[in-house]
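Undergrad: The structure is given below, and queries will be raised subsequently.
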Amino acid sequence: MLTQVFGAALVASEAHVELPVSPVVIGGGIFLVFLIMMFSTVAFTSVGHRHSAVEEHVDPHRQHPNKHDHGQAQH
């Protein structure tokens, strides 16, 4: 009960603080950041397709070897 009274007193003592800019400007800035990230992702999608895919060699000294091939990989 006492913590509820303290919480109510704390909420009552808080003053309303205005935002430095409009919420629309904040939302627009966040949207702009996401657009920049999307365009950079689209711009670099061709980087992974420049070379043909090669099989990964089996490295017995790897710290966490891929054991999902069930022994089918060639050493």
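Converting from the sequence shown to our numbering requires adding 6 to each position, the first position being numbered 1.
Quick reminder that beta carbons are idealized off the backbone N, C-alpha and C, glycines included.
(1) Could you give the distance in angstroms between the alpha-carbon of V23 and the alpha-carbon of F37?
(2) Which residue comes first and which comes last in the alpha helix (DSSP H) that contains P29?
(3) Please list the terminal residues of the continuous alpha helix (DSSP H) segment that includes G13.
(4) Report yes or no: is there a C-beta of chain B within less than 8 Å of the C-beta of V39?
(5) Put S52 into one of helix, strand or coil per three-state DSSP.
TA: Looking at the atomic coordinates:
(1) Between the alpha carbons of V23 and F37 lies a gap of roughly 24 Å.
(2) First-last of the alpha helix (DSSP H) with P29: 29-49.
(3) Where G13 is concerned, the enclosing alpha helix (DSSP H) stretches over 8-19.
(4) Checking the listed chains, one finds no chain B in this structure; it contains a single protein chain.
(5) Three-state DSSP puts S52 in a helix.
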